[in-house]
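**Student:** In terms of my numbering, the sequence shown opens at residue 62 and continues consecutively.
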Amino acid sequence: MCRSSAEGGRRCNGRSCGAAGARLRQQRSRARRGLETAYATGDPAAVATAAAKYTAVTGHPLPEVDQFAGDLHAPPAPTAPTISGQFAGELTTPTEPTAQEDPMPKPEPQPSKPEPASTPSGSTEDRVRDAVAKLAAQGEWVGIIDVRKALGDVDHDEVTRVLLKMNRNDPNVHMVPEDNRKALTDADHAAAVEIGGDAQHAMRIERPRDTSAKDRVQAAGVGNASADDLAQALRDPLTPSRTYDEIRAEQKRREQQVVTSPAPADATPANETARVETQPPATAEQRVRDVYRELASRPQGWVRLSDVRERLGATLPRDEVDKALQAMTRTGRVHLSPDSDRRGLTQVDHDSAVRIGREDNHLLAIEPDDDE
């Protein structure tokens, strides 16, 4: 029994604090939450069921919808900001609204930076072909180290992969090792491409075969065909043997005609004529060296023996040229090497080779003299 306030006790609110009162309050709370949920769903059947349960538990009529704390249709009441140090239930002091700041100015769009004009374009293979074309004339040899320098912005392994792919898939791409190993630097070794267990240091790209050149030569006649068509027809494996021999004879005739053609009367001064006529004729070795200087795109670059013999023409017998080349290799400054790409060799290459030991050599490189 509650004591009165006069006796120092608290005023009784008439609510039972026993177990039965606690269960009743729990049932009322559940009924009210169920009714709130039913109103939130908007299902009439659920609302009717929850309302009947609420009336049975509480014994009171249904309250208005906007009296529910969880009513979804009523906007939530703004909560007052809590201030540190305030007691529970103490009224909070409204804060002064801050002045609205001016909006930040919208940044001006920056123009995109243009791509530099020197940015390389094209695939790595296209860039390799462009580099070879710039470093050497058509079909001449260039150092792989020079090709890598031209593609300095491309990864080393990527260039190696492309070079191997080109050598494997393109019959016009050829690679050879450097015969003079002593002349190789560490950079040459690092730039080399390994094919079949051998390091390759130089490469060349021939012009694709012109399969229609043979037809043009046969239509115009060997004697009337252009020098380029004659050279392209020699590379065509479908050129008949008879036409092949006629083309070679015509090329030698044209070369001999150029060599033996008389010079203009004013080409040599009169006071120089006697001295020119008294000079001894050039030896076979001197002729080979002169032709090599004309063909090589760089010092000690590789040239094909077929091109050397073509420049020499019929002025020197083949045996004399072979003996001169074999003697020159014994000096240690003249190098002969076979072409590692046997598939790319033409019949002219086979015929122009120099056999040393048991190996046919198709390429020639001459180290420059000290005074050159």
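Just so you know, even glycine gets a beta-carbon here, dropped at the ideal spot from N, CA and C. Everything numeric in this text was worked out from a predicted model, so none of it was measured.
Run through the region 360-431 for me and flag every whole alpha helix (DSSP H) of 4 or more residues, listed as ranges in chain order.
**Tutor:** Counting whole runs of 4 or more residues, the region 360-431 contains the alpha helix (DSSP H) stretches 366-373, 379-390, 408-413.
**Student:** Thinking C-alpha only, which one of V409, D383, Q408, R348 is nearest L397?
**Tutor:** Checked all of V409, D383, Q408, R348; the closest Cα to L397 is D383.
**Student:** Could you tell me the boundaries of the beta strand (DSSP E) in which R265 lies?
**Tutor:** R265 -> beta strand (DSSP E) spans 263-266.
**Student:** When DSSP labels each residue in this structure, what does E255 get in the three-state scheme?
**Tutor:** Correct three-state label for E255: strand.
**Student:** Just to confirm, are P399 and E420 a CB contact at a threshold of 8 Å?
**Tutor:** Contact: yes.
**Student:** Rounded C-beta distance between L291 and Q312? I'm assuming under 8 Å.
**Tutor:** Confirmed, about 6 Å.
**Student:** Please state if the CB of V254 and the CB of T304 are separated by a distance shorter than 8 Å.
**Tutor:** Contact: no.
**Student:** Just to confirm the assignment, what range does the beta strand (DSSP E) spanning H235 have?
**Tutor:** Looking at the DSSP string, the run of the beta strand (DSSP E) that includes H235 is 234-237.
**Student:** Buried or exposed: which applies to E355, given that a residue is buried once 16 or more other Cβ atoms fall within 10 Å of its Cβ?
**Tutor:** By the 10 Å Cβ count, E355 comes out exposed.
**Student:** For the ligand PLP, I want to know if A345 counts as a neighbour, meaning its beta carbon is within less than 7 Å of at least one of the ligand's heavy atoms.
**Tutor:** With respect to small molecules bound, the structure shown includes none, and the ligand PLP cannot be examined in it.
**Student:** Hey, quick one: how far does the alpha helix (DSSP H) through H121 stretch, first residue to last?
**Tutor:** Note, H121: premise wrong, no alpha helix (DSSP H); not H, not E.
**Student:** So what's A286 in DSSP terms, helix, strand or just coil?
**Tutor:** Coil.
**Student:** Buried or exposed, going by whether 16 or more other CB atoms sit within 10 Å of the CB of H235?
**Tutor:** Per the 10 Å Cβ criterion, buried.
**Student:** Can you tell me whether V357 is helix, strand or coil according to DSSP?
**Tutor:** Before going further, note that residue 357 is Ala rather than Val in the sequence given. Looking at A357 - three-state DSSP - the assignment turns out to be coil, as it is neither helix nor strand.
**Student:** Let me check understanding here. Comparing Cα to Cα, which of D104, G103, T102, Q87 lies closest to Y115?
**Tutor:** The shortest C-alpha separation from Y115 is found at Q87.
**Student:** Can you say whether T344 is buried or exposed, counting buried as having 16 or more other CB atoms within 10 angstroms of its CB?
**Tutor:** Looking at its Cβ environment, which holds fewer than 16 other Cβ atoms inside 10 Å, T344 is exposed.
**Student:** Under the rule that 16 or more other beta-carbon atoms within 10 Å means buried, what is N27, buried or exposed?
**Tutor:** Here the chain comprises residues numbered 62 to 433, so residue 27 is not present and cannot be evaluated.
**Student:** Looking at the unbroken alpha helix (DSSP H) that takes in E186, where does it start and where does it end?
**Tutor:** Note, E186: alpha helix (DSSP H), 185-196.
**Student:** Specify the secondary structure class of V352 as computed by DSSP and reduced to three states.
**Tutor:** Helix, per DSSP.
**Student:** Please report the straight-line C-alpha distance between R277 and V283, rounded to a whole angstrom.
**Tutor:** Cα to Cα, the separation comes out at about 9 Å.
**Student:** Where does G204 sit, in a helix, a strand or coil, going by DSSP?
**Tutor:** Here G204 sits in strand by DSSP.
**Student:** Could you compute how far the alpha carbon of I256 sits from the alpha carbon of D214?
**Tutor:** Using only the alpha carbons, I get a separation of about 24 Å.
**Student:** Write down the C-beta distance between V108 and A117 rounded to the nearest angstrom, noting that I regard them as a contact closer than 8 Å.
**Tutor:** Actually they are not in contact, since the Cβ atoms of V108 and A117 sit about 15 Å apart, beyond 8 Å.
**Student:** Can you name, in chain order, every residue of its own chain whose Cβ lies under 6 Å from the Cβ of V349, other than the five neighbours on each side?
**Tutor:** Here the set comprises A385.
**Student:** For Q261 versus S401, is the C-beta spacing smaller than 8 Å?
**Tutor:** Yes, they are a contact pair.
**Student:** Between the Cα of H250 and the Cα atoms of A274, A288, I206, which residue gives the shortest distance?
**Tutor:** Selected option, being the one with the closest Cα: I206.
**Student:** Name the residue from A111, D380, A81 whose alpha carbon lies nearest to the alpha carbon of R94.
**Tutor:** Nearest of A111, D380, A81 to R94, Cα basis: A111.
**Student:** Return the chain-ordered list of same chain residues with a C-beta closer than 6 Å to the C-beta of Q408, the five sequence neighbours on each side being excluded.
**Tutor:** Around Q408: no qualifying Cβ.
**Student:** Can you tell me which of P232, H121, V223, D259 puts its alpha carbon nearest to the alpha carbon of D240?
**Tutor:** With distances taken between Cα atoms, D240 lies closest to D259.
**Student:** Would you kindly check if the distance between the Cβ of G362 and the Cβ of P232 is under 8 Å?
**Tutor:** No, the pair does not count as a contact, with Cβ atoms beyond the cut-off.
**Student:** Is the separation between the beta-carbon of V223 and that of E186 shorter than 8 Å?
**Tutor:** Cβ distance < 8 Å, so V223 and E186 count as in contact.
**Student:** Considering only residues of the same chain and omitting the five flanking positions on each side of A211, which have a CB-CB separation below 6 Å?
**Tutor:** Only A192 meet the Cβ criterion.
**Student:** So the alpha helix (DSSP H) S90 belongs to, where does it begin and stop?
**Tutor:** 80-102 is the extent of the alpha helix (DSSP H) around S90.
**Student:** Run the CB neighbour count on G297, radius 10 Å, all protein chains shown included, and call it buried at 16 or more, exposed below.
**Tutor:** Sequence check: residue 297 is Asp here, not Gly. When all chains shown are included, D297 counts as buried.
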